[in-house]
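Some notes on the structure that comes next.
There are 2 protein chains.
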Amino acid sequence: MPLAPADHAFVQRLSALLPDDTLRPAEARHREEPRGRWTSTAEWIALPRSTEEVSTIVRTCAETGVGIIPLGGGTGLVGGQLKPDGPAPLIVSLERMSAIRSVHPQENAAVVQAGAILADVQSAAADVDRLFPLSLASEGSARIGGLLGTNAGGINTLRYGNARDQVLGLEAVLPDGSVWHGLKRLRKDNTGYDLRHLLIGTEGTLGIITAASLKLAPRPAATGTALLTVPSPDAALTLLALARGQLGETISAFELMHRTGFDFLAEKLPDLRQPWDTPPEWSVLMDIGLGRGADPAEALETLFAAAHEADLVTDGIVAQSLAQSEALWTLREHMSEANRLVGAVSSHDISVPLGAIPEFISRAGPALARLGDWRINCFGHAGDGNLHYNVFPVPGRTKADHVDQRDAIKTCVHDLVHELGGSVSAEHGIGRLKVDDLERYGDPAKLAAMRTIKSALDPKGIMNPGAVLRG
Amino acid sequence: MPLAPADHAFVQRLSALLPDDTLRPAEARHREEPRGRWTSTAEWIALPRSTEEVSTIVRTCAETGVGIIPLGGGTGLVGGQLKPDGPAPLIVSLERMSAIRSVHPQENAAVVQAGAILADVQSAAADVDRLFPLSLASEGSARIGGLLGTNAGGINTLRYGNARDQVLGLEAVLPDGSVWHGLKRLRKDNTGYDLRHLLIGTEGTLGIITAASLKLAPRPAATGTALLTVPSPDAALTLLALARGQLGETISAFELMHRTGFDFLAEKLPDLRQPWDTPPEWSVLMDIGLGRGADPAEALETLFAAAHEADLVTDGIVAQSLAQSEALWTLREHMSEANRLVGAVSSHDISVPLGAIPEFISRAGPALARLGDWRINCFGHAGDGNLHYNVFPVPGRTKADHVDQRDAIKTCVHDLVHELGGSVSAEHGIGRLKVDDLERYGDPAKLAAMRTIKSALDPKGIMNPGAVLRG
Chain P
1 MPLAPADHAF
11 VQRLSALLPD
21 DTLRPAEARH
31 REEPRGRWTS
41 TAEWIALPRS
51 TEEVSTIVRT
61 CAETGVGIIP
71 LGGGTGLVGG
81 QLKPDGPAPL
91 IVSLERMSAI
101 RSVHPQENAA
111 VVQAGAILAD
121 VQSAAADVDR
131 LFPLSLASEG
141 SARIGGLLGT
151 NAGGINTLRY
161 GNARDQVLGL
171 EAVLPDGSVW
181 HGLKRLRKDN
191 TGYDLRHLLI
201 GTEGTLGIIT
211 AASLKLAPRP
221 AATGTALLTV
231 PSPDAALTLL
241 ALARGQLGET
251 ISAFELMHRT
261 GFDFLAEKLP
271 DLRQPWDTPP
281 EWSVLMDIGL
291 GRGADPAEAL
301 ETLFAAAHEA
311 DLVTDGIVAQ
321 SLAQSEALWT
331 LREHMSEANR
341 LVGAVSSHDI
351 SVPLGAIPEF
361 ISRAGPALAR
371 LGDWRINCFG
381 HAGDGNLHYN
391 VFPVPGRTKA
401 DHVDQRDAIK
411 TCVHDLVHEL
421 GGSVSAEHGI
431 GRLKVDDLER
441 YGDPAKLAAM
451 RTIKSALDPK
461 GIMNPGAVLR
471 G
Chain D
1 MPLAPADHAF
11 VQRLSALLPD
21 DTLRPAEARH
31 REEPRGRWTS
41 TAEWIALPRS
51 TEEVSTIVRT
61 CAETGVGIIP
71 LGGGTGLVGG
81 QLKPDGPAPL
91 IVSLERMSAI
101 RSVHPQENAA
111 VVQAGAILAD
121 VQSAAADVDR
131 LFPLSLASEG
141 SARIGGLLGT
151 NAGGINTLRY
161 GNARDQVLGL
171 EAVLPDGSVW
181 HGLKRLRKDN
191 TGYDLRHLLI
201 GTEGTLGIIT
211 AASLKLAPRP
221 AATGTALLTV
231 PSPDAALTLL
241 ALARGQLGET
251 ISAFELMHRT
261 GFDFLAEKLP
271 DLRQPWDTPP
281 EWSVLMDIGL
291 GRGADPAEAL
301 ETLFAAAHEA
311 DLVTDGIVAQ
321 SLAQSEALWT
331 LREHMSEANR
341 LVGAVSSHDI
351 SVPLGAIPEF
361 ISRAGPALAR
371 LGDWRINCFG
381 HAGDGNLHYN
391 VFPVPGRTKA
401 DHVDQRDAIK
411 TCVHDLVHEL
421 GGSVSAEHGI
431 GRLKVDDLER
441 YGDPAKLAAM
451 RTIKSALDPK
461 GIMNPGAVLR
471 G
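Keeping their order, the protein sequence lines are chains P and D. Here full-length UniProt numbering is used: the first residue of the first sequence is 1, the next is one more, and so on. Here full-length UniProt numbering is used: the first residue of the second sequence is 1, the next is one more, and so on.
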């Protein structure tokens, strides 16, 4: 049965059940996404103040067959936060439910509402000398509900895991409007199926997360940064294994960068000072965080000596101050902006098994060369096998010149990733952008199970219709 | 519709589809569980050699409506590994599928079949200087499939997480016989619902795990152990927070022990040398594992000095050798045996939020005293909020004298755990022992979602019928 629109009659019916000013006409910012690919058909947004109000909204939508688009910070990159076609859905934003409910330093835990902004959760943890390790470029606007709905990744995944690994418990409104009160702060709880992990990463298609119990981590007493020149991606991976042998879990970031990234920085952001005249073909930026009494710079220099001896690094800089560390990270953090200024023909958020990174890199370039001439910027969270593999036009041409090759490039990259046992969406999710990819590359038994679960829990298909699974 | 029995006709039909000697009469060891509470009604066991054979078995059971009991090492403590009533099910053991398929030291990963024994996986990791951190008393016989099916816990959870946290990917046969090929070795993969976490911990009620990609960890270069006397459980938790501040994630075990445990050791295992004449009321046994160049004994002595200064510890021993460390752990490891020899009236595998441990301990004793006179041995993985809270008769009486009080004791303990936001099954799962508890204490919306998922994926209810959810 097709969904019903969130029209005037529906809005009147729902408004009668909610406090004044809960429903409003949607603004432009609620109907867009960062890449400007799509605009939402939604006309109304609900801004509930409590879990009970979310429950009322979902129950009414279930009764009337109106679709719901759960909206967090709206920073997603795959169109999961809007519906560009079909009957107008109701947007449900949790921006009014943004409280940090409680912080438990002795337990290393915090309980927050799903509308809380990531940076605010980070600050609340820092206030009690703890770390909430989830960290990514959009942390100033991304909200916890969206971050968990999409199982966000980011910089610190190597040490602390993905968003799902930060969660002790959830509260959520299920597609029939019932409320699952699962906000326990337990490290061990084997009482039945793990709904928490089932909901996380389903992009709002099985319910709306309204609150979360989160793990906090101890704050490393001292951190250190090194920028190391490596002879090859394979050497980078062997360096990582060596570093983990020496430093255990204390490595919080291990970013592989190709020369192209630095060339783009020089071209588009020439004011950023680079630590070399000619960037090396491959380099690694790594961060470590150690306990009290340890000296990160010394540990990194010990690592450098061993790695140099083993021909795994040829040159390098160990930051001797926080300012120097920040200067090195500034380069990495501006790479996305430089990329945007150059203008990619096609960008790929992919992962492969760590051991397959060298083969992926050595095969992807020649495969793409058969489709044309490109500049390739390959960089990313190599410690997680997660590369941002972005394809750019050669100087003198623009991405507009290659619009008709975009699909062929994407398929070329994704086919190779799939062949190597990788993922065509490492961090960003499926949303609406990658529904076709999921159908092409997904395991058939898994897809069938997903559809069965979706139909059983959301028989009318009201929750984020068309995201992840075709509506 | 009731299930059909795995009778002679069924066995003939299934045998015709499988190699000789795949089906056999079940032996006594396949039909028992460690606590001797139940005996299985099963008469036949299938011993497949491949995932395809598992698929054939499950598909045939789905067609005929015959129940399946997936069997790992058979070490579970809640009766999930047998069906004591109703039509005879077919036992499916993966003991012939026990290969370590591949080990990837550079990636810190390994791929194993589900029948692999935990100790063999630990050895395969150690052979390449890596650690597979899952560790528990039954590791010499527990198999990976059962450990993941039950989301096993154990000693190292504080540092490395539960069984589910060790898994990168799974291969599994779903209740219709289809095979999910999900053995990816990826750290980041956001392509659809996380079937991996859905299957883990469902105790075989949604499918049979046939293989797993597992995470390995770097092996700590140097480990250290301390046995510390603490003035109270609250001091123990503040000590843990202090220790995590100083030592970060390097604390791999933090076991709280009450004097009763040492009294039982002295009574039942007098040859075990204890490090004191009179055991303290509360003590903590902690382990740390550090990177190269660090000195664990020195780090523990620094911690001891700070904790002593803050009145969090009153006395303590820092092991100065591996032998001394092992001698301390021997005490902890023999506590279960001493408990068995004394004979508990009722044992409880519970968890509460870390901050609620002191309140739980201070309220549970007086609440139980209203039911009679007891000796209580409270010990366990305090770093995870997971306590084994066991109730024993006073000297001169035996557990047989209190059989009729068992339920009242259990309810008293579980009601308090529930009130404090805890779990009545921290590590061991639901199996058949705790189906009533799940119904009593489980969140109604969660239970409804579990039943919906179970019915949708396993409409005939053939997978481990009666475990977790009432059949």
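Note that CB positions come from ideal geometry on N, CA and C, so glycine has one too.
Cβ distance (whole Å) where Q113 (chain P) is taken to contact A124 (chain P) below 8 angstroms
Here the question's residue 113 (chain P) lines up with position 113 in the first sequence. Here the question's residue 124 (chain P) lines up with position 124 in the first sequence. About 12 angstroms separates the two Cβ atoms, so there is no contact after all.
Can you give the beta carbon distance from V66 (chain P) to P89 (chain P), rounded, assuming they're within the 8 angstroms contact cut?
Along the first sequence, one-based indexing puts residue 66 (chain P) at 66. Along the first sequence, one-based indexing puts residue 89 (chain P) at 89. With a Cβ gap of about 7 angstroms, V66 (chain P) and P89 (chain P) count as contacting.
What is the DSSP secondary structure of E95 (chain D), reduced to helix, strand or coil?
The sequence position of residue 95 (chain D) within the second sequence is 95, counting from 1. Coil, per DSSP.
Given that A445 (chain D) touches chain P, what residues does it touch there, using C-beta distances under 8 angstroms?
Position 445 of the second sequence holds residue 445 (chain D). Near A445 (chain D) (Cβ distances below 8 angstroms), the residues of chain P are L174, S178, V179, W180 and H181.
Identify each residue in the stretch 449-461 of chain D for which the Cβ-Cβ distance to at least one residue of chain A is less than 9 angstroms, and report them in chain order.
In the structure shown, chain A cannot be found, because the protein chains are P and D.
Please report how far the alpha carbon of G245 (chain D) lies from the alpha carbon of T302 (chain D), in whole angstroms.
For the purposes of this step, residue 245 (chain D) is taken as the residue at position 245 of the second sequence. For the purposes of this step, residue 302 (chain D) is taken as the residue at position 302 of the second sequence. When rounded, the distance between both Cα atoms is 12 angstroms.
Within its chain, find whatever has a CB closer than 7 angstroms to the CB of L290 (chain D); leave out the 5 residues flanking it on each side and keep chain order.
Looking up residue 290 (chain D) in the second sequence gives position 290. Taken in chain order, the residues that qualify are P220, A221, A222, T250, P296 and A299.
How big is the Cα-Cα spacing for T39 (chain D) and L136 (chain P)?
Looking up residue 39 (chain D) in the second sequence gives position 39. Looking up residue 136 (chain P) in the first sequence gives position 136. If you take the alpha carbons of T39 (chain D) and L136 (chain P), they lie about 53 angstroms apart.
Name the chain D residues whose beta carbon is nearer than 8 angstroms to that of T238 (chain P)?
Indexing the first sequence from 1 puts residue 238 (chain P) at position 238. Going along chain D in sequence order, the residues near T238 (chain P) (Cβ under 8 angstroms) are Q106.
DSSP three-state call for N108 (chain P): helix, strand or coil?
Along the first sequence, one-based indexing puts residue 108 (chain P) at 108. In this structure, N108 (chain P) counts as coil in the three-state DSSP scheme.
C-alpha distance - G261 (chain D) paired with A327 (chain D), whole-angstrom precision
Translated into positions along the second sequence, residue 261 (chain D) becomes position 261. Translated into positions along the second sequence, residue 327 (chain D) becomes position 327. Roughly 16 angstroms between the two C-alpha positions.
Minimum C-alpha distance to R13 (chain P) - residue among P:E63, P:A26, P:E27 and P:R35
In the first sequence, the residue the question calls residue 13 (chain P) occupies position 13. Checked all of P:E63, P:A26, P:E27 and P:R35; the closest Cα to R13 (chain P) is P:E63.
State the CB to CB distance for the pair V128 (chain P) and L214 (chain P), rounded to an integer number of angstroms; the pair is presumed to be in contact (CB under 8 angstroms).
As a working mapping, residue 128 (chain P) is identified with position 128 in the first sequence. As a working mapping, residue 214 (chain P) is identified with position 214 in the first sequence. Their Cβ separation, rounded to whole angstroms, is 13 angstroms, which puts V128 (chain P) and L214 (chain P) out of contact at 8 angstroms.
P358 (chain D) vs P233 (chain D) beta-carbon contact at 7 angstroms
Here the question's residue 358 (chain D) lines up with position 358 in the second sequence. Here the question's residue 233 (chain D) lines up with position 233 in the second sequence. Contact flag set, yes.
Which whole runs of the beta strand (DSSP E) in the stretch 320-374 of chain P are 3 residues long or more, in chain order?
349-351
From this set, P:L433, P:R31, P:T56 and P:F392, which residue's C-alpha is nearest S178 (chain P)'s C-alpha?
Position 178 of the first sequence, counted from the first residue, corresponds to residue 178 (chain P). Nearest C-alpha to S178 (chain P): P:T56.
The beta strand (DSSP E) with H258 (chain P) in it runs from where to where?
In the first sequence, residue 258 (chain P) corresponds to position 258, counting from 1. Looking at the DSSP string, the run of the beta strand (DSSP E) that includes H258 (chain P) is I251 to H258.
In terms of residues, what are the limits of the alpha helix (DSSP H) holding E171 (chain D)?
Walking along the second sequence from the start, residue 171 (chain D) turns up at place 171. Note, E171 (chain D): premise wrong, no alpha helix (DSSP H); beta strand (DSSP E) at V167 to V173.
Near D458 (chain P), what residues of its chain come up, given a Cβ to Cβ distance below 6 angstroms and the 5 sequence neighbours on each side ignored?
On the first sequence, residue 458 (chain P) is found 458 positions in, with the first residue counted as 1. Cβ within range, chain order: P175.
Per DSSP, what kind of secondary structure is I45 (chain P) in: helix, strand or coil?
By 1-based counting over the first sequence, the position of residue 45 (chain P) is 45. Strand at I45 (chain P).
Could you round the C-beta distance between G76 (chain P) and E27 (chain P) to whole angstroms and report it? I think they count as a contact, below 8 angstroms.
Within the first sequence, numbered from 1, the residue matching residue 76 (chain P) stands at position 76. Within the first sequence, numbered from 1, the residue matching residue 27 (chain P) stands at position 27. So it is not a contact: roughly 18 angstroms between Cβ atoms.
Assuming R101 (chain D) and V111 (chain D) are in contact, meaning their beta carbons sit under 8 angstroms apart, how far apart are those beta carbons, in whole angstroms?
Taking the second sequence and counting its residues from 1, the one referred to as residue 101 (chain D) is at position 101. Taking the second sequence and counting its residues from 1, the one referred to as residue 111 (chain D) is at position 111. Going by Cβ atoms, the distance from R101 (chain D) to V111 (chain D) rounds to 4 angstroms, so yes, they are a contact pair.
Is the distance from the Cβ of G182 (chain D) to the Cβ of L199 (chain D) below 7 angstroms?
Locating residue 182 (chain D) in the second sequence gives position 182, counting from the first residue. Locating residue 199 (chain D) in the second sequence gives position 199, counting from the first residue. Cβ atoms of G182 (chain D) and L199 (chain D): not closer than 7 angstroms.
Does the contact criterion of 3 or more C-beta pairs under 8 angstroms hold for the stretch 227-243 of chain P versus the stretch 277-287 of chain D?
no
Against chain D, does D85 (chain P) count as a neighbour if the rule is that its beta carbon must be under 7 angstroms from one of theirs?
Reading the first sequence from its first residue, position 85 is the one you call residue 85 (chain P). By this cut-off, D85 (chain P) is not an interface position.
Taking only the alpha-carbon atoms, compute the straight-line gap between L168 (chain P) and R375 (chain P) and give it to the nearest angstrom.
Residue mapping note: residue 168 (chain P) aligns to position 168 of the first sequence, counting from 1. Residue mapping note: residue 375 (chain P) aligns to position 375 of the first sequence, counting from 1. So the two alpha carbons sit approximately 43 angstroms from each other.
In angstroms with no decimal places, state the Cα-to-Cα distance between T225 (chain P) and G383 (chain D).
Here residue 225 (chain P) refers to the residue found at position 225 when the first sequence is read from its first residue. Here residue 383 (chain D) refers to the residue found at position 383 when the second sequence is read from its first residue. Distance between the alpha carbons of T225 (chain P) and G383 (chain D) is about 31 angstroms.
Would you check if the distance between the CB atom of I462 (chain P) and the CB atom of C61 (chain P) is smaller than 7 angstroms?
The residue you call residue 462 (chain P) lines up with position 462 of the first sequence. The residue you call residue 61 (chain P) lines up with position 61 of the first sequence. Their beta carbons are under 7 angstroms apart, which means I462 (chain P) touches C61 (chain P) by this criterion.
Hey, which unbroken runs of the beta strand (DSSP E) at 3 residues or more fall wholly within the stretch 381-456 of chain D?
386-393
Would you report the Cα separation of T411 (chain P) and I69 (chain P), rounded to the nearest angstrom?
In the first sequence, the residue the question calls residue 411 (chain P) occupies position 411. In the first sequence, the residue the question calls residue 69 (chain P) occupies position 69. T411 (chain P) and I69 (chain P): Cα-Cα distance of roughly 29 angstroms.
Same chain only: Cβ atoms within 8 angstroms of L186 (chain D), ignoring 5 sequence neighbours per side
The residue given as residue 186 (chain D) occupies position 186 in the second sequence. Within the same chain, L186 (chain D) has close Cβ partners L168 and G169.
R24 (chain D) lies in the beta strand (DSSP E); which residues open and close that run?
Stepping through the second sequence from its first residue, residue 24 (chain D) is reached at position 24. Where R24 (chain D) is concerned, the enclosing beta strand (DSSP E) stretches over L23 to P25.
When the Cα atoms are used, what is the spatial distance from P347 (chain P) to P218 (chain P)?
As a first step, residue 347 (chain P) is located in the first sequence; it is residue number 347 there, counting from the start. As a first step, residue 218 (chain P) is located in the first sequence; it is residue number 218 there, counting from the start. The identity of residue 347 (chain P) in the sequence shown is Ser, whereas the question assumes Pro. Each residue's alpha carbon lies about 35 angstroms from the other.
If you reduce the DSSP assignment to three classes, tell me which class L71 (chain D) lands in.
Position 71 of the second sequence, counted from the start, is the residue given in the question as residue 71 (chain D). Strand at L71 (chain D).
Check whether the Cβ atoms of R130 (chain P) and S252 (chain P) sit closer than 7 angstroms, and answer yes or no.
Indexing the first sequence from 1 puts residue 130 (chain P) at position 130. Indexing the first sequence from 1 puts residue 252 (chain P) at position 252. Going by C-beta atoms, R130 (chain P) is not nearer than 7 angstroms to S252 (chain P).
Neighbour-count burial assignment, S283 (chain D), 16 or more Cβ in a 10 Å radius
Looking up residue 283 (chain D) in the second sequence gives position 283. Under this definition S283 (chain D) is a buried residue.
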